[in-house]
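Residue numbers (our numbering): 73 to 949.
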């Protein structure tokens, strides 16, 4: 049975209201009777929700009733959150040992009696609304139903997720060869010819283009390859910015178009390039001509490849060859279906003659659309019997293929079978534009902030969110994953058809806002603005009136005007993203956002200080300051953010020290930067209490750390098993009147910073010792994937790098005293592959380097026929 979101939300609220901890709080504030009545009111309405949510798609009246109920249930959730906030606030005050004036306390909202009275009145108001909605339900004659067993939607027992490898395109060998031949054809009259792949959504146009783009012959033929996802908005300036980013692997701007086109010419002038424009919708010929002028300085033989659903779009781009991509034929469709089965080890199941027959009939109804075949197969994985497959084919699938929008109806079947939590997580992604690269870790934290993740006692809630993501990825709701050098998934996209599906689920709940913001209505919950600020832009009335917002993403505003008005109108926010917003400072009124759990201020270079009032956001779980290069300090009372689990300070270069008390923030899982200061700091001892840290950790300004302080505080990194990437940075600040460790002590300091054996990346920068520590030369760090040693001016000897079997990236930079990479005179000529995994080797600014091994001679190397390709078989860069 498809799971009801509202049914599960109601059940979750009932559990919260009935929990022992919450009942004790209610008793403390004298509202226990009112809360019990509220719980009964929610319970009375829960019984009909399964039927009501099914009927809402057939009746506008029922849909309106469900919408009213949803709003009230949000009110109940905010009410519970208000109690949570007050509890946390009192914990902080008690921890600080503050003694507020009794008279002021009595008349303030913080007074237990006053708080209880105010909340009691709020509970009555909510209960009256619920009773009215409950009374109205009689006209719809809903049937009462319950769900047999709770289901988190995650298949049990699966340890890995199998995917057809990227670039492996089933049934498209002829298409791939044909496209490649067109790109390599020299008989076109045009110097820079345009070729188009045209086909309906879900056929695999992008996958085919990627396959050709990564072809070895294509790579050798073109000096420069460029890839840009265009999607629905064909803005020449934005496209040029994306081309430059593809060419240089870095962002450019904000620049005017004249500057951008000059930079573009420098990149492509005289070069034979291949430029892929994926997912093009533009039918405006003038826009194409404007872009075309900028691309004409490439060498003869350059090619532009576009993918589009529309023949008219292809004609707009003066294509010399239009390649229509057909649906997979019956044999290739079945081959793809069986390939999916083999990845799950289900070949034996398909060996059953009846399942084989039913499976073929199901595949035939999917009409050769690869996205539909993948999605439906993964749904069938949860259906074990012939009866299940037969029922699916004859009922759900048969109904779907009769719908007007056949493909979306087929994909909607898979959505219907998701658990309510997974449905919420998927629908939330309608917030992002098409072809948007969504950052996986950040969207999981936003799911947590919105309460979409069902907690589990044995797992951190973010790890449960990771499971949700992997389930949605496995079911093909997400695709195009991008991983870092350690293999961790960092970004992903949604297929256009999946994005359309997410947008269709609740048109007004998640809104991608345009300049006029007309799509925002009073019941809108999540808003993302995707446009640059116009100087005349004012907060639209629709945004001001949408007081139920729980997500506000990059609202454009004039930085000369305060943010106070915006914040005061959106007190229910749980997620607030203000990236690249040119904020100078946050208003003190930020503290009023009591429900806020996720705050992203990344890339606001003008912020030097955060107001101390931000430390009153006791529910805050995630604070992102990445790229705030002007930030000098964190708030004095940062330790009061007792719910904070993620503090991202990547590239906060101006930070001078850490505030005292960070060691008390035992919930912290992410804190990727720790800056030692010469004053106002407790030093590395603050890290002792942070046993849950995960991911990356950079310790900066280690020149201020004395060996005495290390030994006195018994500081150990070795116990932090979650740290996978460790960067240890010294800065040459000698000459200042400050506490700076002696040069000879740096070796002893480094020795005390031994990490856990789980470490995968180590970077040491600015170290002044003559030798490295024992732990880096031992065999304890066998999981290391990346080693970087940089600007170690006195270092005379390197560790034995060949002891790291998984080492993929080795960077040696500005090591001016190093003569040999391996000082051992025993040349390892007997081993033909002493770097079995190394893919990337960087050596720069090592003026005294004489050779790899001490004692090697060119004669010995020639005699034993040893060379880099044989010693390092995976080396590519």
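Just so you know, even glycine gets a beta-carbon here, dropped at the ideal spot from N, CA and C. Predicted model only: the values in this text are computed from it and were never measured.
- Rounded to the nearest angstrom, the gap between the Cα atoms of residue 575 and residue 817 is 60 angstroms.
- When the five nearest sequence neighbours on each side are left out, the beta carbons in the same chain lying within less than 6 angstroms of the beta carbon of residue 271 are those of 277, 397, in order along the chain.
- In this structure, 858 is the residue among 354, 858, 867, 888 with its C-alpha nearest to the C-alpha of residue 875.
- If the five residues before and after residue 433 are omitted, its C-beta is found closer than 7 angstroms to the C-beta atoms of 465, all from its own chain and listed in chain order.
- Per DSSP, reduced to three states, the secondary structure at residue 116 is helical.
- The residue from 886, 878, 880, 893 with its alpha-carbon nearest to that of residue 872 is 893.
- 8 angstroms or more divides the Cβ of residue 532 from the Cβ of residue 646.
- Three or more Cβ pairs closer than 8 angstroms define a contact, and the stretch 317 to 327 falls short of that threshold against the stretch 373 to 385.
- Residue pairing for residue 396: DSSP places it in a beta bridge opposite 270.
- Nearest Cα to residue 661 within the set 652, 194, 689: 689.
- Residue 137 is not bridged by DSSP to any residue.
- Under the three-state reduction of DSSP, residue 849 is assigned to coil, being neither helix nor strand.
- Under the DSSP definition of a beta bridge, residue 860 partners with 835, 883.
- The bridge partners DSSP lists for residue 915 are 884.
- As for any alpha helix (DSSP H) of minimum length 4 sitting wholly inside the stretch 252 to 338, the runs are 277 to 285, 288 to 293, 308 to 320, ordered along the chain.
- In the DSSP assignment, residue 81 forms no beta bridge with any residue.
- The alpha helix (DSSP H) runs of length 4 or more contained entirely in the stretch 476 to 523 are, from start to end of the chain, 478 to 488, 492 to 500, 512 to 522.
- The secondary-structure analysis by DSSP pairs residue 349 across a beta bridge with 300, 378.
- According to the DSSP assignment, residue 946 belongs to no alpha helix (DSSP H), since it is labelled neither H nor E.
- The C-beta of residue 131 has fewer than 16 other C-beta atoms within 10 Å across all chains shown, which makes the residue exposed.
- For residue 380, the number of other beta carbons within 10 angstroms of its own is at least 16, and it is reported as buried.
- Excluding sequence positions up to five before and after residue 258, its CB lies within less than 7 angstroms of the CB of 373, all in the same chain and listed in chain order.
- For residue 854, the three-state secondary structure derived from DSSP is coil.
- Collapsing the DSSP output to three states places residue 473 in a helix.
- Assignment of residue 585 by DSSP, reduced to helix, strand and coil, places it in the strand class.
- Linking residue 133 to residue 201 through their CA atoms gives a straight-line distance of about 17 angstroms.
- Cβ atoms of residue 252 and residue 395 stay farther apart than 8 angstroms, at about 11 angstroms.
- Residue 648 sits in a strand when the DSSP states are folded into three classes.
- As DSSP reads the structure, residue 800 sits in a beta bridge with 771, 836.
- For the set 671, 675, 640, 664, the Cα lying nearest the Cα of residue 656 is the one of 675.
- Distance check between residue 541 and each of 582, 496, 503 places 496 closest, using alpha-carbon atoms only.
- Here DSSP, grouped into helix, strand and coil, assigns residue 204 to helix.
- Residue environment: residue 247 is assigned as buried (16 or more neighbouring CB atoms within 10 Å of its CB, all protein chains considered).
- Under the DSSP definition of a beta bridge, residue 894 partners with 925.
- With contacts defined by Cβ atoms closer than 8 angstroms, residue 624 and residue 648 form a contacting pair.
- With a cutoff of 8 angstroms on beta-carbon distance, residue 832 and residue 796 are scored as near each other.
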